[in-house]
Every structure is written in C-alpha cells, then in structure tokens.
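Chains as they are written, first to last, in the numbering used here: chain A, 32 to 416; chain B, 959 to 1444. Ideal Cβ placement from N, Cα and C applies to all residues, glycine included.
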C-alpha cells in the first residue's frame, strides 16, 4: 500500500516550533529532503510566546555543551536565517538575594570551572550594581554570562521557518499526525489530510511529543505545563541585561521600547486538547510582589498583558534529545522544560548531524530517552529487594 | 441598590456579575434581582447609564432639548435599578473574567478581576452577563493622530458628563446616525460648526433601497428624518466625500477633502470623526467566546443563542456588545439574558422564563425593523477602513504604519496575531481597540480572503491595564500560598 498518493522525503519532522524549524533548516543545509508537519501554525505555542531569553546562564550541566554551541549560532544568527531575530547581547545576570544564595553560586562556579566551562562569571555587589543599578541595595552579588541576551521568539521561529522553506523544506501548517507506521525500512506518517513516507522521523512536538512517542511504543513521563508571563507598559529605561533570581522565581527583561517582561516559572493550568491555558492570578500576584521587592521602581508600572504558553516538562527538567530507544530512524527533540528557546539553533544543527550521519561528537548521552525506562527499571528492582 | 464604594465592600461571591451599567446591564440587573438572584453590577463610569444614557441622573445639560428626548428615556431605567436590591460598583474596572481554578483544575465559577480606587480583588460569580456596549469604529485617515482630532463619541462624552462645548471652529466628518445626533446636540449647545463632511458612499443609496420596505415600518424613520432635516437646515452638509486628510504641524489646522475628484481645504480647530459603532468584544474575546464576522455591520460579534448566552457556558452577552441594535433593543436584550441566567440559577422555571420573554421578543422584532436599512446605508467606504496612504498610522500606541502592515503580510503574517508578534501592533495600552478591525481588514484585503478566515487578535488579560502594585496586593488565599510553594 505504500506509495499510493504518499509524499516521500528523507526526513519527516513533527512539530513547527523553533526546534522543528531549526532541524528543518539544518537538514536542508545537509541536502536532505524535509517535510515538516505542524498541527496548528508555526510558532503557535511555546516557541512563539516564551520570554525570549537567550541564556547559557544557570543551566544544568547536561545541556551546557548544546547551549554553548547554540550561543555561537545566535551570535551569527543573521548569517544563518537572513534576519537578526531581534537578538540583543546585553548579558544575563543571576542575582543572589542573600549571602547563603551567593555561597551556593560560588560552589557551582567551582564545579563549572572543574569541567572546563567558562561562560559564567562570579560578580560581587559592586559589579552587580554596576550592571543592574536598579536592583535592591541588599543583594550581595551574583553571576553574569556576558554572551547571553534575548531575542524575539515568534520572529525568530518564523525566520527559521522562512529560511528552511527558501531552501526547499516543505512545511505543512494545520495538519495533525494521527498515526505512524513502519513500512519496510521506512516510516509512514498519516496526518488528517495526507500520508508521508521517509526513513527518518524527528519528534519535535513539544507539549504533544509524548503522544508521538506513545505512537511509537515509547511512553515518556512528560508533564504539560503553562508557564505564565506578564508584560508592562513603557517605563523609563532602567535595566539592560536580563535578570534572574537565584532564590525566588523571577526573570526580568526590559525591551528597548521600555516595556518590561516578567516571567520566572509560576504556572497556570494548561488545557492542551483545547489549545488554551488558564492563568492563576494568585500566583501572578506572587511574581508581582517579587518584582516590587527587587525593583521598587516597577510598582507603578501598568500590566498590559498576561499569558501562558503550553510547554513540556520532564521530571528531571532536562530535554529528551537523540535517537529513539525502540524505533530505528526515529529521533527525539522535546521536553525542553521551559528553557528550550536558546537551544533551538544548536539543537537543530546537532540533530541534522545525527539524522544525516547517525552520530555526533556533542555530548548528549545524559539527554537520551532511555533514561526514564532505566530509572523505572532501577526503581522497580529496588522495590523487589 | 447598594453602592459599593471601596474594594473591601465587595462580597467574595455573587450569583450573577454584570459588566456594564448601560441599558442592557441595568435592565438585566433589575429583572434578575426581582427573581431573587444575588447581583453585582460592575461599571467603569461614576454613574449609571452607560454611553447612551451617560450621566443621565447627573448631567449639567438640563435643558432637555439639547440632548434630546431619547436620552431622557434613560431616567426610567436608572430609577428602576436604583430601587432594586442589586449591588452596584461604579468607577470599577473589570480587568479579567475567566473560569476560576479549584486547586489545579478548572472550576465551575467565574473569577472576576476588579479594580476600584487603586486596589484590586478577585471575585467569584456563577453567571456573568457582559453588557459592555459598543465602541466607535477606527477611522484611520492621514493625520488622525494629530492633537485637535478626536471622535464624535468622545465629544459627546464631554458634553453629557461635564457640559463641555468645544471652542473654536469645528468640522464633523464621517457617516452614521450618531454623527448626526452629535451634530444636532452640539448645534443646540451652541458650538460653532463649519461643516459636516458626509462620507456615506453614493452607492449605499442603491443597496439600502432594497431594504427600504422594512425601514418604512420602522420606528427609526421619523426620528431619523427629523434629525436629518434639523442638521441640514442649520449646517453646511457636504456629501459624497471620497478622501479626508487632517493637516497641521504640531496640531490640526485644517481638513482637506475630496469630492467628485476636487480637493478642498477647510480651516478648523477641531475635527470630530465618526463612522459608526461596533460591538465592544475585548472581554468576550479574552474569555474565549466564539465570534462571527458580520458582513453587513463589518465587525465581529459574539455567537449568542436565543437567551443571549455565548459559546462559553455561564457567559451571556447582551446589548450592543452582542451586535449593534441600539439602546432600546439593549434593554430588552438585557432582560432576556437575565431570564436565561435566572433559569440557569434555578430561580425560575422554563415556563415562566419563556412566558416572560415573549413580549420582550416581540419588542425586539419591532425594533429590528429598519435596522438593516441603517446598517446598509451607513456602511463605511473601504477607502476609510483600509487606508491606502502608506504613512497613515494604523496602530497609534505602537506607531505602526499602513505600509508596515502591508509589508508584513508579505513576510508571512497571515493573521492579526502573527502581525502582533512581528510589528507589536495592537500590543499597546488600548489592547487593539483602535486598530483591531483595521488590521483584520487590511490583511483580508492583501490576502484576498474573508475577514472570518483572517480573524481577530487573540486578546490577553488584563483587558484593561492594572498596576503591578495592585496585582501584588491581591489578597492571598491559603490555597494560593500553598500552590506557589510547590
């Protein structure tokens, strides 16, 4: 039955977020024929509505190599996608509010240095207040990652899409994957409109990626989350870098036009089958109180909009990235746990290498999907004892 | 009526929250309370009446002929409401309505974010009636952002609430019954009006004629003719205007217009623009109610059933916010919506609900006669809805020009939400009220598809700006503290 009316490609990418689009672009650069399938429209969910932080700062060790590689691409993003994606390089600063928090940062710094990572730099109170004059006097120091910054998420995702299409990738908006079946040595992907056949499949379906994995008999413990953000009206310019806190949940960024984006991980309730999220104002109030404490100037700011995206979170808060453990030719790229935007360019580049050559020198072992099965096996054998 | 003057005076929960104290909201509240429903009316204005009966109990314009007999009809609605047992919160901003959370799942009740005198609070209600009325359609012409250019509706607000009559030479321009009504009210109040520039397209005469049989039997006919005669007698009315431009350096000095291919200039100090009203849908949109494109009224309106219930269970939409039908219809719609809510709250049975609704439906049918004539006749020309001049600002808050909008469609922004992300249009303090329809129609025009397909901004709460300090001071429940600590 294969072949009848089916479109063929070298690789089928499921999911039109920045990860799917970046993988599409990089696969085309390697000469692969690409079809990307997106159930809504490109950038509709987490990739289009996130805080836009482009951050190596404060990442889990397991994803730092990928993040550093991605950062190199961000610094030449316009060469790659013909659009600067609104990328600005003002640095990101992690603020310690207490001496105890600062001590933890010092310990982390020693770990990072021992592993050879140099992108994070410890700063004292004086340098912190030089970088972020508006921060409360009492903060004793922090960490800066100077090559970090921010970009405009929807614009960046669209830029990857446009460049991928310009290079010949086929992008199908508004098509939903219903079934995936093995046909000979290829995969047949059935959508609500058509059938596609390719030897390779990339699962970059974000908050819906567990359903794609389940179709392949590879269940994962993915939690659907709805991180909330607020943006204010224009304020006088008072802060350059993106600021995040060590203790309380807060990320904070002022744009050139004066508006201020407030995020940091407080969550609303996602209803992923309805494509909507419900805000939790009691938790947004906690965000607002944190901002009022750390940046008193913000108390009179008007909140213009609050929203939440629909995102996937893994139990260990690091992504699933690499070859499937059960299905030959299938690769996973999801579960970025609310910090995947910066990783998009680099992850697409490494993914295209994996798909085209079957291997990569990038250390991604800790991100493999089998870790959940192994954990489950380990746990159940503990139970036996 | 129990007036709520401080945020602490609200109860935690109500059976029914009504947003807006215009004719629909007032009529709905009075009727619902009569059936034993616990009602709160939340309204931005300082006194009841909404836009059409604004300040009807407090206006300094007490000479009845200035504002006209239709205006004074509002007194009765307000008196009935004042004598009712409803709670009434004036000067109160509603910045969010959404299904509330019970722990981590969606509850049955609505959570309503309100703000009063600089303090915010979250209330709960089982049912909600949105009676948020209408707003003026955007009128994007070159120079419409100059000081000295405002909407006719804004001039009417100043007249009704504060008795302010504009100084200097005025020009009114546009189309629609309200333009002529404001002209008549300003004439009576003694304003110096140089001209009324009527942009009603000539072709509308022809298309409106097909709807005339209905209009001849309509209550609007006599009133409309009287108004037209009065304005024509006392004003220089120039019809057939095909282009308008507000000109001046720092502020408005003159208006330039084209008529039959000839350009004319008119010196003036104030230009009042108006080309009809459209449903105010920001709140219903943010709640997630489904909306349809109305091809006659050229606007989106929420889908409602026979009880004015929206597609979101528990939310009804009455008055002009459910589609423009005028102030008298608004009161009848409000009452029907209240009967629907009282039934869902199990205060009345289906029999009584249907019996009580019958005369109201008959009244609505009568008022609907001739409405189509007004809609078709006053349909604004495309030239005034889709600006062809590249430099004309579409989004005033973020200063996005018509040229940018057109170029961005070419870049792949196929709908208003993509446009927002590319250009920031619609992301300023007005939440898209002043550019939403223009952006939808410009994309529609550039892509040669239907407005229904293009859609409208997906609006995010707060639907009205609220300060960070107000949000920060929201009273905390034990549940919320626990949820955050998790």
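Problem set entry | Min CB distance residue 47 (chain A) to chain B below 9 Å | With 9 Å as the cut-off, residue 47 (chain A) does not count as an interface residue toward chain B.
Problem set entry | Minimum Cβ-Cβ distance from residue 1062 (chain B) to chain A less than 9 Å | Yes, residue 1062 (chain B) lies at the interface with chain A (some Cβ there is under 9 Å from its Cβ).
Exercise. What's the gap between the Cα of residue 32 (chain A) and the Cα of residue 62 (chain A)?
Worked result: Per-residue confidence for residue 32 (chain A) stands at a pLDDT of 40, beneath the threshold of 50, marking its modelled position as unreliable; the derived number appears in the next sentence. The alpha-carbon atoms of residue 32 (chain A) and residue 62 (chain A) are separated by roughly 28 Å.
Exercise. With burial defined as no fewer than 16 other Cβ atoms inside 10 Å of the residue's Cβ, what is the status of residue 968 (chain B): buried or exposed?
Worked result: By the neighbour-count criterion, in which 16 or more other beta carbons inside 10 Å mark a residue as buried, residue 968 (chain B) falls on the buried side.
Problem set entry | Option in B:1377, B:1329, B:1390, B:1380 with minimal Cα separation from residue 1355 (chain B) | Comparing alpha carbon positions, the residue from B:1377, B:1329, B:1390, B:1380 closest to residue 1355 (chain B) is B:1390.
Problem set entry | the stretch 1094-1113 of chain B / the stretch 1013-1032 of chain B touching (three or more Cβ pairs under 8 Å) | Touching, no, given that fewer than three Cβ pairs across the two stretches are closer than 8 Å.
For this session: Spell out a yes or no on whether the stretch 67-79 of chain A and the stretch 334-343 of chain A are touching, meaning 3 or more CB-CB pairs, one atom from each, closer than 8 Å.
Result: In short, these stretches touch, since the Cβ pair count reaches three.
Exercise. Measuring CB to CB, does residue 440 (chain A) end up less than 9 Å from residue 148 (chain A)?
Worked result: Chain A is shown from 32 up to 416; residue 440 (chain A) falls before or after that span and cannot be answered.
Exercise. Going by C-alpha distance, which of B:1337, B:1130, B:1373 is nearest residue 1253 (chain B)?
Worked result: Distances from the CA of residue 1253 (chain B) to each of B:1337, B:1130, B:1373 were compared; the closest alpha carbon is that of B:1337.
Problem set entry | Short CB-CB distance (under 9 Å) between residue 119 (chain A) and chain B | Under the Cβ distance rule, residue 119 (chain A) does not count among the residues neighbouring chain B, no pair being separated by less than 9 Å.
For this session: Give the DSSP-derived three-state secondary structure of residue 1317 (chain B) in the structure shown.
Result: Here residue 1317 (chain B) carries a helix assignment [DSSP, helix/strand/coil].
Exercise. Under 9 Å, do residue 52 (chain A) and residue 379 (chain A) count as touching if we go by C-beta distance?
Worked result: Yes, they are a contact pair.
Exercise. What are the partner residues of residue 1340 (chain B), as DSSP defines its beta bridges?
Worked result: BP columns for residue 1340 (chain B) are empty, so no partner.
Problem set entry | Limits of the beta strand (DSSP E) - the one that residue 1190 (chain B) falls within | Residue 1190 (chain B): not part of any beta strand (DSSP E); member of the alpha helix (DSSP H) spanning 1178-1192, first to last residue.
Exercise. Does the separation of the CB atoms of residue 65 (chain A) and residue 234 (chain A) fall below 9 Å?
Worked result: Judged by beta-carbon spacing, residue 234 (chain A) lies beyond the 9 Å limit of residue 65 (chain A), meaning their Cβ atoms are not closer than that value.
For this session: Check whether the Cβ atoms of residue 1030 (chain B) and residue 1021 (chain B) sit closer than 9 Å, and answer yes or no.
Result: Contact: no.
Exercise. The alpha helix (DSSP H) spanning residue 1114 (chain B) covers which residue range?
Worked result: Residue 1114 (chain B) -> alpha helix (DSSP H) spans 1110-1120.
For this session: Determine the chain B residues that contact residue 186 (chain A) at a beta-carbon separation under 8 Å, and present them in chain order.
Result: Identification of chain B residues near residue 186 (chain A) by a Cβ-Cβ cut-off of 8 Å yields 1379, 1380, ordered along the chain.
For this session: Select from A:49, A:94, A:41, A:69 the residue whose C-alpha is nearest the C-alpha of residue 397 (chain A).
Result: Answer by Cα proximity: A:94.
Problem set entry | Cβ-Cβ distance between residue 243 (chain A) and residue 211 (chain A) below 9 Å | In contact: residue 243 (chain A) and residue 211 (chain A) (Cβ atoms closer than 9 Å).
Problem set entry | residue 1102 (chain B), enclosing beta strand (DSSP E) - first and last residue | Neither: residue 1102 (chain B) is in no beta strand (DSSP E) and is coded neither H nor E.
Exercise. When you compare each of B:1318, B:1229, B:1198, B:1239 to residue 1219 (chain B) by their alpha carbons, which one comes out closest?
Worked result: Cα-wise, what sits closest to residue 1219 (chain B) is B:1198.
For this session: Examine chain A for any beta-carbon lying closer than 9 Å to the beta-carbon of residue 1358 (chain B), and answer yes or no.
Result: Answer no: the Cβ-Cβ gap between residue 1358 (chain B) and chain A never drops below 9 Å.
Exercise. Using the beta-carbon of each residue, which ones in chain B are nearer than 7 Å to residue 256 (chain A)?
Worked result: Listed along the chain, the chain B residues whose CB falls inside 7 Å of the CB of residue 256 (chain A) amount to none; the nearest CB is some 11 Å away.
Problem set entry | Interface flag, residue 1072 (chain B) vs chain A, CB-CB below 9 Å | Closer than 9 Å: no.
For this session: Under 8 Å Cβ to Cβ from residue 1069 (chain B), same chain only, skipping five residues before and after it: list those, please.
Result: The residues 1054, 1055, 1056, 1057, 1058, 1059, 1080, 1081, 1082, in chain order, have a CB closer than 8 Å to that of residue 1069 (chain B) in the same chain once the five nearest residues on each side in sequence are set aside.
For this session: Show which residues of chain A have a CB atom less than 8 Å away from the CB atom of residue 1248 (chain B).
Result: What residue 1248 (chain B) touches in chain A: nothing, since even the nearest Cβ is about 13 Å away.
For this session: Kindly list, in the order they appear in chain A, the residues whose Cβ is closer than 7 Å to that of residue 1103 (chain B).
Result: Simply none; closest approach about 17 Å.
Exercise. Near residue 59 (chain A), what residues of its chain come up, given a Cβ to Cβ distance below 7 Å and the 5 sequence neighbours on each side ignored?
Worked result: Same-chain partners within the cutoff: 65, 195, 198, 199, 200.
Problem set entry | Residue nearest to residue 1051 (chain B) in terms of C-alpha spacing, selected from B:1371, B:977, B:1360 | Comparing alpha-carbon positions, the option among B:1371, B:977, B:1360 lying closest to residue 1051 (chain B) turns out to be B:977.
Problem set entry | Residue nearest to residue 1048 (chain B) in terms of C-alpha spacing, selected from B:1038, B:972, B:959 | Comparing Cα-Cα distances from residue 1048 (chain B) to each of B:1038, B:972, B:959, the minimum goes to B:959.
Problem set entry | Residues bridged to residue 1265 (chain B) [DSSP beta-bridge criterion] | In the DSSP assignment, no residue is bridged to residue 1265 (chain B).
Exercise. Among A:117, A:171, A:112, which residue has its Cα nearest to the Cα of residue 137 (chain A)?
Worked result: Looking at the Cα atoms, A:171 is the closest of the given residues.
Exercise. Would residue 263 (chain A) count as contacting chain B if we go by Cβ distances under 9 Å?
Worked result: Cβ-Cβ to chain B under 9 Å: yes for residue 263 (chain A).
For this session: Could you tell me whether any Cβ in chain A is nearer than 9 Å to the Cβ of residue 1425 (chain B)?
Result: Yes, its Cβ sits closer than 9 Å to a Cβ of chain A.
Exercise. Is there a Cβ from chain A that is less than 9 Å from the Cβ of residue 1085 (chain B)?
Worked result: For residue 1085 (chain B), no CB of chain A lies under 9 Å from its own CB, so it is not counted at the interface with that chain.
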